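Chemist:
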Amino acid sequence: MLTIAGKTFSKEDLSAFTNFSIFNEYDQSALLFCKNWLSRQKTFLMHTSGSTGTPKPILLQRKHMLASIQMTRKAFALQAGQTSLVCLNVQYIAGMMMLARGLEIGLEMTVIAPDRLPLAHFSETTAFDFLSFVPLQIQETLEKTPEKIPILNQAKSIIIGGAVVSTALEEKLQTIQTPVFHTYGMTETVSHIALRRLNGLAKSDSFTVLEGVSIELDERNCLVIASPTAEGRIITNDVIELSDKGTFRWLGRFDNVINSGGVKVHAEKVEQALENFFQTMGLENRFFIIGLPDEIMGQHVALVIETTLRFEIEKIREYGLGAGLSKYELPKELAYSEKFAETATGKVDKKESLNKLKR
13 MLTIAGKTFS
23 KEDLSAFTNF
33 SIFNEYDQSA
43 LLFCKNWLSR
53 QKTFLMHTSG
63 STGTPKPILL
73 QRKHMLASIQ
83 MTRKAFALQA
93 GQTSLVCLNV
103 QYIAGMMMLA
113 RGLEIGLEMT
123 VIAPDRLPLA
133 HFSETTAFDF
143 LSFVPLQIQE
153 TLEKTPEKIP
163 ILNQAKSIII
173 GGAVVSTALE
183 EKLQTIQTPV
193 FHTYGMTETV
203 SHIALRRLNG
213 LAKSDSFTVL
223 EGVSIELDER
233 NCLVIASPTA
243 EGRIITNDVI
253 ELSDKGTFRW
263 LGRFDNVINS
273 GGVKVHAEKV
283 EQALENFFQT
293 MGLENRFFII
303 GLPDEIMGQH
313 VALVIETTLR
323 FEIEKIREYG
333 LGAGLSKYEL
343 PKELAYSEKF
353 AETATGKVDK
363 KESLNKLKR
């Protein structure tokens, strides 16, 4: 069963449906995917989110999507008749796979357009067994609609993906009773191929691959994936620390490495250190680290903040030193943006945001 825009459809209804014009464009795209999936369409054209580069088209094979569904079904013990909320953009891999899982497993799905406060549409007594969010959605839910937390606590599993989960958000998730997992995956792997627990006694800073997935390192210390969800090996730009038990810690993006005077600086390491500074100061501004041209050093570290205020760089540098950053890792420049640009999936679009900088 699928409920969308107040109307409920059975699989038979979806297969026979033709009156798309009575729905808005977004709902039409969800219904059309469902119809195509139920017609056993063999391939689906998707686009990457564009958060790490220019969006590119990828033709997904139904057999790989089915493999992904079975991996997720087993990992979370999903069963026919359970309920799920689809509040991720169905035109991208995460939302589309929520639909495919629901149709294939027999979940009772409720579909809404992407929203920063997805649970605001439901009463506190609403129950969903399986929930999937991007970090921004669950962070905004916890901060702005705390009365909806009972919905989270009634779920059996919650997954969060599409972006880094901040230390501050991870701390807030400790109040949630339901097991919450951070997912690792991409369009090329047909959504997630690894999970890490974010809350409770089983919380971890390492991802564990799903059954059937194998991983290794390349010469750059980047993750290489072999999965039933893809043909051949997928070579990523994700720098990781690999254990001998099939688990790994994500360290950052190879293409985010800043070369400052010959020293390689991982932007994500600096972001994590400064995140604690912002948290200590009671600030919730979004920010990111970027390498900007430097006549002497080649590149220097710059901190880009979403704000209309101005910060003292010396205070930030002083905190960074205390947090164990080297002099090369400390921001040498602050830049400001009143509002970060975002991709269609809600991630910060760094490239577009840089075009709006005030320095």
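Using this note's numbering, the letters of the sequence shown correspond one by one to residues 13 to 371.
Even for Gly, the Cβ is constructed at its ideal location relative to N, Cα and C.
Fair warning: this is a prediction, and the values are worked out from it, not measured in the lab.
Considering only DSSP beta bridges, list what residue 122 is partnered with.
Modeler: If you number the sequence shown from 1, residue 122 lands on position 110. Residue pairing by DSSP puts residue 122 in a beta bridge opposite 15 and 97.
Chemist: Indicate whether residue 160 and residue 131 have their beta-carbon atoms separated by less than 8 Å.
Modeler: Here residue 160 corresponds to residue number 148 of the sequence shown, with the count starting at 1. Here residue 131 corresponds to residue number 119 of the sequence shown, with the count starting at 1. Going by C-beta atoms, residue 160 is nearer than 8 Å to residue 131.
Chemist: Assuming residue 70 contacts residue 58 (C-beta within less than 8 Å), just tell me the rounded distance between them.
Modeler: Sequence index remark: in the sequence shown, residue 70 carries index 58 (1-based). Sequence index remark: in the sequence shown, residue 58 carries index 46 (1-based). Indeed, because the Cβ distance is near 5 Å, the residues count as touching under 8 Å.
Chemist: In angstroms, rounded to a whole number, what distance separates the CA positions of residue 320 and residue 107?
Modeler: Start at 1 with the first residue of the sequence shown, and residue 320 comes out as number 308. Start at 1 with the first residue of the sequence shown, and residue 107 comes out as number 95. Those two C-alpha atoms are separated by around 33 Å.
Chemist: What residue range is occupied by the uninterrupted alpha helix (DSSP H) comprising residue 166?
Modeler: In the sequence shown, the residue the question calls residue 166 occupies position 154. 161-166 is the span of the alpha helix (DSSP H), which, as asked, contains residue 166.
Chemist: How about residue 229 and residue 236: are their beta carbons less than 8 Å apart?
Modeler: The residue given as residue 229 occupies position 217 in the sequence shown. The residue given as residue 236 occupies position 224 in the sequence shown. Yes, these two residues count as a Cβ contact at 8 Å.
Chemist: Does the pairing of the stretch 170-181 with the stretch 133-144 give three or more beta-carbon distances under 8 Å?
Modeler: yes
Chemist: Enumerate, from N- to C-terminal direction, the unbroken beta strand (DSSP E) stretches of 3 or more residues contained entirely within the stretch 169-249.
Modeler: 169-172, 192-198, 203-209, 219-221, 226-229 and 234-238
Chemist: With respect to the beta strand (DSSP E) encompassing residue 318, which residues constitute its N-terminal and C-terminal limits?
Modeler: For this step, residue 318 is matched to residue 306 along the sequence shown. 310-318 is the span of the beta strand (DSSP E), which, as asked, contains residue 318.
Chemist: Using only CA atoms, which one of 209, 224 and 119 lies nearest to residue 218?
Modeler: For the purposes of this step, residue 218 is identified with residue 206 of the sequence shown, where counting begins at 1. For residue 218, the nearest C-alpha among the options comes from 209.
Chemist: Count the other CB atoms within 10 Å of the CB of residue 359; is the residue buried (16 or more) or exposed (fewer)?
Modeler: Locating residue 359 in the sequence shown gives position 347, counting from the first residue. Answer is buried; the Cβ neighbour count reaches 16.
Chemist: Can you name, in chain order, every residue of its own chain whose Cβ lies under 6 Å from the Cβ of residue 239, other than the five neighbours on each side?
Modeler: As a first step, residue 239 is located in the sequence shown; it is residue number 227 there, counting from the start. Within the same chain, residue 239 has close Cβ partners 201, 205 and 225.
Chemist: Within the continuous beta strand (DSSP E) that includes residue 345, where are the two ends?
Modeler: Numbered from 1 along the sequence shown, position 333 holds the residue referred to as residue 345. Its beta strand (DSSP E) spans residues 345-349.
Chemist: Residue range of the beta strand (DSSP E) that residue 271 falls in?
Modeler: Here residue 271 refers to the residue found at position 259 when the sequence shown is read from its first residue. Unbroken beta strand (DSSP E) run through residue 271: 269-272.
Chemist: For residue 325, which residues from the same chain have a beta carbon less than 6 Å from its beta carbon, with the 5 sequence-adjacent residues on both sides left out?
Modeler: As a position in the sequence shown, residue 325 is number 313, starting the count at 1. Only 346 meet the Cβ criterion.
Chemist: Assign residue 81 to one of two classes, buried (16 or more other C-beta atoms within 10 Å of its C-beta) or exposed (fewer than that).
Modeler: Start at 1 with the first residue of the sequence shown, and residue 81 comes out as number 69. Residue 81 should be labelled buried.
Chemist: Are residue 67 and residue 101 close, meaning C-beta to C-beta below 8 Å?
Modeler: One-based indexing of the sequence shown puts residue 67 at position 55. One-based indexing of the sequence shown puts residue 101 at position 89. Contact flag unset, no.
Chemist: Leaving aside the five residues before and after residue 17 along the sequence, list all residues of the same chain whose C-beta is less than 7 Å from its C-beta, in chain order.
Modeler: Numbered from 1 along the sequence shown, position 5 holds the residue referred to as residue 17. Hits under 7 Å: 35 and 39.
Chemist: Of the residues 366, 105, 304 and 73, which one's Cα is nearest the Cα of residue 273?
Modeler: Within the sequence shown, the letter at position 261 stands for residue 273. Answer by Cα proximity: 304.
Chemist: Tell me whether residue 214 is buried or exposed, calling it buried when 16 or more other Cβ atoms sit within 10 Å of its Cβ.
Modeler: As a first step, residue 214 is located in the sequence shown; it is residue number 202 there, counting from the start. By the 10 Å Cβ count, residue 214 comes out exposed.
Chemist: With DSSP run on the structure shown, which of helix, strand or coil describes residue 24?
Modeler: Taking the first residue of the sequence shown as 1, we reach residue 24 at position 12. DSSP places residue 24 in helix when its eight states are reduced to three.
Chemist: Does the stretch 113-121 come into contact with the stretch 88-96, if we say contact requires no fewer than three beta-carbon pairs (one atom in each stretch) closer than 8 Å?
Modeler: Contact holds: three or more Cβ-Cβ distances are below 8 Å.
Chemist: Leaving aside the five residues before and after residue 276 along the sequence, list all residues of the same chain whose C-beta is less than 8 Å from its C-beta, in chain order.
Modeler: Within the sequence shown, the letter at position 264 stands for residue 276. Listed in chain order, the non-local C-beta contacts of residue 276 below 8 Å within the same chain comprise 269 and 270, local neighbours out to five positions each way being set aside.
Chemist: Just grab the DSSP bridge partners of residue 69 for me.
Modeler: Here the question's residue 69 lines up with position 57 in the sequence shown. For residue 69, which the question treats as bridged, DSSP gives the partners 59.
Chemist: Hey, how far is the Cα of residue 289 from the Cα of residue 334?
Modeler: As a first step, residue 289 must be located in the sequence shown, where it is residue number 277. As a first step, residue 334 must be located in the sequence shown, where it is residue number 322. Roughly 10 Å between the two C-alpha positions.
Chemist: Please go through the same chain and pick out, in chain order, the residues whose beta-carbon is closer than 6 Å to the beta-carbon of residue 199, but skip the five residues on each side of it.
Modeler: Mapped onto the sequence shown, residue 199 falls at position 187. Hits under 6 Å: 58, 60, 70 and 105.
Chemist: Alpha carbon to alpha carbon, how far is residue 318 from residue 165?
Modeler: Looking up residue 318 in the sequence shown gives position 306. Looking up residue 165 in the sequence shown gives position 153. If you take the alpha carbons of residue 318 and residue 165, they lie about 32 Å apart.
Chemist: Where DSSP assigns a beta bridge to residue 261, which residues make up the other side?
Modeler: Residue 261 sits at position 249 when you count from the first residue of the sequence shown. Note: residue 261 sits in a beta bridge opposite 253.
Chemist: Comparing the C-beta of residue 167 with each C-beta of chain C, is any distance below 8 Å?
Modeler: The chain labelled as chain C is not found in the depicted structure, where only one protein chain is given.
Chemist: Taking the alpha-carbon positions, what's the residue 162 to residue 190 distance?
Modeler: The residue you call residue 162 lines up with position 150 of the sequence shown. The residue you call residue 190 lines up with position 178 of the sequence shown. For residue 162 and residue 190, the gap between their C-alpha atoms comes out near 10 Å.
Chemist: With C-beta atoms as the reference, is residue 181 less than 8 Å away from residue 193?
Modeler: Walking along the sequence shown from the start, residue 181 turns up at place 169. Walking along the sequence shown from the start, residue 193 turns up at place 181. No; because the gap between Cβ atoms is not below 8 Å, this pair is not in contact.
Chemist: When you compare each of 227, 114 and 179 to residue 255 by their alpha carbons, which one comes out closest?
Modeler: Looking up residue 255 in the sequence shown gives position 243. Comparing Cα-Cα distances from residue 255 to each of 227, 114 and 179, the minimum goes to 227.
Chemist: When DSSP labels each residue in this structure, what does residue 29 get in the three-state scheme?
Modeler: Against the sequence shown, residue 29 aligns to sequence position 17. Correct three-state label for residue 29: coil.
Chemist: To the nearest angstrom, how far is it from the Cα of residue 20 to the Cα of residue 48?
Modeler: The residue you call residue 20 lines up with position 8 of the sequence shown. The residue you call residue 48 lines up with position 36 of the sequence shown. For residue 20 and residue 48, the distance between alpha carbons rounds to 18 Å.
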